[in-house]
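In the working numbering, the protein residues as written are 1 to 128.
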């Protein structure tokens, strides 16, 4: 009886688990690392590391400081293992509709589309 009560007390006092997509993710070229986490009641992701080339491309696109920039913005759950929000593409200086799909514990697919969901591009990011 005591172990059950201890388990119950631990469960009641434990914080809610973090979103399975929270953490640090690397793009396919490993030129950018993005740390995801809560931003209010939504999920966002900020650049925590970027190669010199990625930073130069961002500057050319009008984003003078890539590190610290929110690439993933205002995502909310939109289905099992899926989140919808906006992705900022710094080398274009534009924001697009986007979805994140959890493939497995260490892999997400990041998809961005033009208005209306046409002309989409998907990248597979890995946890780092």
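In this text, a Cβ means the ideal position worked out from N, Cα and C, and glycines have one as well.
The bridge partners DSSP lists for residue 37 are 44.
Approximately 5 Å separates the beta-carbon atoms of residue 123 and residue 110; this is inside 8 Å, confirming the contact. In chain order, 123 and 125 place their CB closer than 7 Å to the CB of residue 27, counting only its own chain and leaving out the 5 sequence neighbours on each side.
In this structure, residue 52 lies away from residue 91, with their beta-carbon atoms at least 8 Å apart. In this structure, the straight-line span from the alpha carbon of residue 106 to that of residue 62 is close to 31 Å.
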